[in-house]
Amino acid sequence: MNKVVASELVGDSWPVAQPGSDPVLYGHVMLEPLGNFEVRSLQTFKLVYTTGRYGIDDTGSIRVVFRAVGDWGSLQTEKPTGYNYVTAHTNTGAHLALEYANYGHPRPWFKSLTARLLGGYLSEGDTITIIFGDTSKGSPGMKMQTICEPGFEFKVLADVCAVGHYSPLPETPHISIVAGEVHEWKAVLPSLRRPGEIFRLGLKAEDKWGNPTDQASGKFSLHSSCAVRGLPEIVDYPLGEKSLILDDLSVDKPGVLRVQVFDDSG
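Under the working numbering, the first residue of the sequence shown carries the number 17, and numbering increases by one thereafter.
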């Protein structure tokens, strides 16, 4: 299943006038590594853009854009030992100017990093390499956001003719940002139900940032303050699940219901 939301579903708006109708002419991009990365971990990614048939004119650029919502911080080029340090170079030695802006592109891609050619050009097959979280000079890396996101995109646009119109490349490299280890357990009941009305009990484990995590498992005993139809005494929480739901529960008499959940250690 594709984890990236389709462009037409998120309000993307691209220029009608473009140098060519085939997006392949603008080049292609690769990102490594790919896969799952834990929230708030520190990572390094290498993005390689290879020019297409048009190359890139002097003062032309590529732009890597990110969704507006996210707490991973701002990319920066001034502090090599700081978080989110980013560098870029070409295979030809042509000079690049890097500029990051939190509001550098239309919604929903507000966050943008622009790599602009200054005093040179690129021909077909030349490359621009961008290192996000470059640790070569002491940076701890690129800080991942605290929000789980199965399709965190590095969306690449190209202004190959240096006219200020950015066209999206066909590929959209993306990674998955996943929950961390178990920090706390939570049991969830509805606030109000009538006697005899069906309800459910939910059990979940969360990481330190409040994300439901699939790194949890165990056997739990359930103790209720009053008789609950359908409530088991013991439940097994399977590894790899983000929650456990106990359905079709009910209480015959009015009162305050509390359910306590105990692991093997009590």
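Note that CB positions come from ideal geometry on N, CA and C, so glycine has one too.
Looking only at C177, D264, P122, G68, the smallest Cα-Cα distance to L205 is reached by D264. Straight-line spacing of the CA atoms in E249 and Q231 works out to 23 Å.
Relative to F168, the option among V40, D38, L47 whose CA is nearest is L47. Proximity of the segment 218 to 234 to the segment 168 to 181 falls short of the contact definition, fewer than three beta-carbon pairs being nearer than 8 Å. Non-local C-beta neighbours of P166 in its own chain, meaning closer than 6 Å and more than five positions away in sequence, comprise K19, S192, ordered along the chain. Rounded to whole angstroms, the separation of the alpha carbons of D87 and A195 is 15 Å. Distance from the CA of L173 to the CA of F82, rounded to the nearest whole angstrom, comes to 11 Å. For Y137, the CB contacts under 8 Å within the same chain, skipping 5 residues up- and downstream, are G71, I72, D73, D74, G76, A110 in chain order. Rounded to whole angstroms, the separation of the alpha carbons of C164 and L129 is 22 Å.
When secondary structure is reduced to three states using DSSP, L208 falls in the coil class, being assigned neither helix nor strand.
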